[in-house]
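Note that the UniProt record's numbering gives residue 63 to position 63 of the sequence shown, counting from 1, and the numbers run on in steps of one.
Single-structure report; data block below.
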Amino acid sequence: MNRSLNNVRLRHKLLLIYFLSVFFPILLTNLFFYSVTAHNVRSQREKDAAQALERIHGELQARIDTAVGISSVFYADSVVNEALERTYDSPIAYLDVYDEALRASLAKYAPVYGFIQSMTIYTDNPTVLGSGGIGFIDETVKRANWYGKVAEAGGMPVFVHDGRRGSSPFSVVRKLNAFSSRDEYEKVLKIDLHRDAIAQALGNMGFPGDLYLLGPDRAIELATGPGTNGGDGPVRFDDLPVPDGSRVLVQPYSRANELYGWALAGVIPKGQALAGTGEPRRLALYLTCVNLLLPTLVLVWIAKSLHDRLLRIVRQIKKVKRGNFEPIAEEEAEAAKDEIGQLSAELNRMTRQIRELIDEALAAEIERKDLELQRRRAQIHALQSQINPHFLFNVLETLRMRSLIKGETETAQIVRNMAKLFRKSLSWGNDWITAGQELDLIRSFLEIQKYRFGDRLQYRIEANGEAAQSRIPKMVFLPFVENASLHGVEKIEAQGVIELVLSLDRDGLLFLLRDNGGGMDEPTLRKVLSERPEEEEDETHVGIRNVRSRLALYYGDRATLDIASTPGCGTSVRIRLPHPL
Numbered sequence: 001m002n003r004s005l006n007n008v009r010l011r012h013k014l015l016l017i018y019f020l021s022v023f024f025p026i027l028l029t030n031l032f033f034y035s036v037t038a039h040n041v042r043s044q045r046e047k048d049a050a051q052a053l054e055r056i057h058g059e060l061q062a063r064i065d066t067a068v069g070i071s072s073v074f075y076a077d078s079v080v081n082e083a084l085e086r087t088y089d090s091p092i093a094y095l096d097v098y099d100e101a102l103r104a105s106l107a108k109y110a111p112v113y114g115f116i117q118s119m120t121i122y123t124d125n126p127t128v129l130g131s132g133g134i135g136f137i138d139e140t141v142k143r144a145n146w147y148g149k150v151a152e153a154g155g156m157p158v159f160v161h162d163g164r165r166g167s168s169p170f171s172v173v174r175k176l177n178a179f180s181s182r183d184e185y186e187k188v189l190k191i192d193l194h195r196d197a198i199a200q201a202l203g204n205m206g207f208p209g210d211l212y213l214l215g216p217d218r219a220i221e222l223a224t225g226p227g228t229n230g231g232d233g234p235v236r237f238d239d240l241p242v243p244d245g246s247r248v249l250v251q252p253y254s255r256a257n258e259l260y261g262w263a264l265a266g267v268i269p270k271g272q273a274l275a276g277t278g279e280p281r282r283l284a285l286y287l288t289c290v291n292l293l294l295p296t297l298v299l300v301w302i303a304k305s306l307h308d309r310l311l312r313i314v315r316q317i318k319k320v321k322r323g324n325f326e327p328i329a330e331e332e333a334e335a336a337k338d339e340i341g342q343l344s345a346e347l348n349r350m351t352r353q354i355r356e357l358i359d360e361a362l363a364a365e366i367e368r369k370d371l372e373l374q375r376r377r378a379q380i381h382a383l384q385s386q387i388n389p390h391f392l393f394n395v396l397e398t399l400r401m402r403s404l405i406k407g408e409t410e411t412a413q414i415v416r417n418m419a420k421l422f423r424k425s426l427s428w429g430n431d432w433i434t435a436g437q438e439l440d441l442i443r444s445f446l447e448i449q450k451y452r453f454g455d456r457l458q459y460r461i462e463a464n465g466e467a468a469q470s471r472i473p474k475m476v477f478l479p480f481v482e483n484a485s486l487h488g489v490e491k492i493e494a495q496g497v498i499e500l501v502l503s504l505d506r507d508g509l510l511f512l513l514r515d516n517g518g519g520m521d522e523p524t525l526r527k528v529l530s531e532r533p534e535e536e537e538d539e540t541h542v543g544i545r546n547v548r549s550r551l552a553l554y555y556g557d558r559a560t561l562d563i564a565s566t567p568g569c570g571t572s573v574r575i576r577l578p579h580p581l
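In structure tokens:
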């Protein structure tokens with residue numbers, strides 16, 4: 001059976017696994033079960049939520065009706081009306097009437113109905129005292145939102161909210177104008193309801209979501225959910241961001257009561273609408289396990305034809321990684337005709353090609369390195385055969401002593417600097433020196449150049465003590481100073497200036513070199529920065545190429561070299577060397 005599967009294309013195997021193991025058993029069963037279950041659960045949850053919203057709607061209406069009933073008692077109370085219409089000669093006369101007719105009426109309802117916060121009768125009678133539930137209708141009251149609404153309603157009660165955030169109460173307001181034919185003063189009853197009591201009515205009925213009490217302009221006056229904080233005024237319910245998949249229920253109040261124009265809205269999140277599906281989910285899980293049994297058997301059967309051969313290919317790749325280029329046995333690699341068999345054959349072919357390429361590249365590299373080494377040795381031998389260093393040093397020392405004897409101290413100093421340069425450049429014993437030793441060599445070179453150019457050359461060297469003690473490859477800075485002098489300053493007629501700054505920071509050693517010489521154009525700068533000259537005979541700027549090669553040899557990519565140059569404006573060189581490891 002496995003040998004027959006080896007001749008089936010991999011694409012057909014994957015399709016067989018997909019349809020038999022995943023698509024038909026799981027998709028059809030679970031899709032049908034979840035669609036039916038989710039629809040039933042959502043419908044039931046929405047029905048329960050609508051009933052809860054109906055109960056909250058009625059509870060809030062009942063509390064408002066209680067306040068309206070109290071307002072009707074005051075509206076029809078002739079004793080209260082007469083007490084507020086009377087003109088009093090003195091505060092004592094008013095207090096006697098207040099104790100007899102008003103105090104008990106204003107104080108008896110709040111202890112009975114806990115949702116009533118306070119009761120206040122506002123009047124423009126100037127002979128009463130503004131305390132104990134009595135207030136004046138002044139300009140502040142007339143500017144209030146509730147006063148304007150009660151004026152429009154005539155003698156009908158009105159449910160209002162001033163729209164402020166925080167703990168501002170809701171109120172039932174009514175004009176006491178039942179005896180308007182003989183009334184001289186205006187009287188308004190304002191019953192403030194505890195905001196917390198209204199909020200408690202919204203939250204006590206088990207609504208599975210967030211509730212919002214909407215004013216006549218659909219502004220959110222009270223809410224149990226988020227999204228209503230911030231800003232200067234109430235947030236409109238239409239502007240409230242509703243999560244995707246949420247169910248919105250709105251139940252307005254009828255025209256026949258004081259809450260006309262107000263509405264109660266509820267938002268049921270998608271997660272709440274599908275809550276309570278734990279048991280159907282477990283049942284779906286059991287069905288899934290049953291449906292996976294047959295696909296598992298099919299997968300095991302098909303995977304057997306893939307596992308062994310794929311594992312053999314993986315082992316072969318690991319051998320190639322370790323440098324073992326022995327191919328897979330031909331009878332194993334080419335017996336099967338499917339994609340894995342083709343992969344094994346191609347892997348064998350690739351392994352053989354890699355081994356041949358490595359052998360060829362290794363032989364070519366060895367030959368190239370050998371030729372390069374022979375070339376370098378020939379150059380060194382040619383250089384060493386051109387001059388005897390000891391003879392040269394002895395001649396220079398003789399010239400220096402003769403100059404000193406004749407009193408030519410400047411010439412003696414130049415000869416001394418020349419001898420120092422030759423001695424350092426021809427000593428091959430140690431390729432690492434301190435930065436201070438390199439600077440000393442640079443000063444000798446610049447003094448020689450200053451002797452040549454006279455006042456046409458000025459230089460400045462700045463280096464701190466820590467930077468001078470850093471160890472660097474020998475003559476890594478000098479070639480750039482030499483180029484600044486010979487190829488930069490020498491090309492201009494004005495005074496040339498060479499500035500060198502050496503500093504040490506947390507990133508390493510920084511070498512900065514600037515000159516005001518002739519500079520270079522873009523093609524010349526690219527030629528200087530190229531790793532190899534365009535022609536083998538081109539030996540210009542060989543010192544810079546040598547420095548780049550040595551920096552790469554000692555530091556890899558941790559050292560950087562940047563050169564910027566503008567024709568007629570000079571050249572700047574920046575070398576960054578890392579801290580020693």
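By construction, the Cβ of each residue, glycine as well, lies at the ideal position given by its N, Cα and C atoms.
No experiment lies behind these values; they were computed from the predicted model shown.
Backbone secondary structure at residue i - three-state DSSP
i, result
"TYR554", "helix"
"THR120", "strand"
"GLY454", "helix"
"ILE302", "helix"
"SER549", "helix"
"LEU129", "coil"
"GLU221", "strand"
"ARG312", "helix"
"ALA76", "coil"
"PRO252", "strand"
"SER565", "strand"
"GLU462", "strand"
"PRO580", "coil"
"GLU536", "Caution is warranted here: a pLDDT of 44 is assigned to GLU536, below 50, making its placement in the model unreliable, and the coordinate value is therefore given only provisionally. Three-state result, GLU536: coil."
"GLN386", "Bear in mind that the predicted position of GLN386 carries a pLDDT of just 47, short of 50, making it unreliable; the figure below should be weighed with that in mind. The answer is helix: DSSP assigns GLN386 an H, G or I state."
"VAL158", "strand"
The alpha helix (DSSP H) enclosing residue i, as first and last residue numbers
i, result
"LYS527", "522 to 529"
"ALA494", "Taken as a continuous stretch (DSSP letters only), ALA494 belongs to no alpha helix (DSSP H), as it is neither H nor E."
"VAL267", "From DSSP, VAL267 is part of no alpha helix (DSSP H) but of the beta strand (DSSP E) over 263 to 268."
"GLY148", "145 to 153"
"ALA559", "No alpha helix (DSSP H) contains ALA559, which DSSP labels as neither H nor E."
"ARG103", "103 to 107"
"LEU577", "From DSSP, LEU577 is part of no alpha helix (DSSP H) but of the beta strand (DSSP E) over 570 to 577."
Residue i, buried or exposed, once every other Cβ within 10 Å from all chains shown has been counted against 16
i, result
"ARG45", "buried"
"PRO567", "exposed"
"PRO157", "buried"
"TYR75", "buried"
"ILE575", "buried"
"GLY570", "buried"
"ILE354", "exposed"
"ARG526", "exposed"
"ILE366", "exposed"
"LEU28", "exposed"
"GLU447", "buried"
"THR123", "buried"
"ILE317", "exposed"
"PRO254", "Reading the sequence as shown, one finds Ser at residue 254 and not Pro. Its Cβ having fewer than 16 others within 10 Å, SER254 is exposed."
"PHE19", "exposed"
First through last residue of the beta strand (DSSP E) which encompasses residue i
i, result
"LYS187", "187 to 193"
"TYR94", "Element bounds for TYR94: not the beta strand (DSSP E) but the alpha helix (DSSP H), 91 to 97."
"LEU211", "210 to 214"
Rounded Cβ spacing between residue i and residue j (contact assumed at less than 8 Å)
i, j, result
"LEU513", "VAL481", "7 Å"
"TYR98", "GLY132", "7 Å"
"LEU441", "LEU500", "So it is not a contact: roughly 12 Å between Cβ atoms."
"LEU504", "ALA559", "Between ALA559 and LEU504 the Cβ distance is about 15 Å, and since that is not below 8 Å, they are no contact."
"LEU60", "ILE198", "7 Å"
For residue i, the nearest candidate out of the options (CA to CA)
i, options, result
"PHE23", "PRO295, GLN61 and ALA67", "PRO295"
"ASN348", "VAL314, VAL128, VAL80 and LEU371", "VAL314"
"VAL476", "LEU189, LEU362, GLN353 and GLU438", "GLU438"
"SER105", "VAL80, ALA151 and LEU53", "VAL80"
"ILE116", "THR127, PHE170 and GLY518", "PHE170"
"THR351", "LEU371, LEU373 and GLU326", "GLU326"
"ILE433", "ARG558, LYS474 and ASN464", "LYS474"
"VAL573", "ASP562, GLU186 and ASP196", "ASP562"
"PHE33", "GLN251, LEU102 and TYR286", "TYR286"
"ARG236", "ALA52, ASP431 and ARG218", "ARG218"
"LEU553", "ASP515, ILE472, GLU490 and VAL489", "ILE472"
"LEU84", "GLU372, LEU129 and TYR451", "LEU129"
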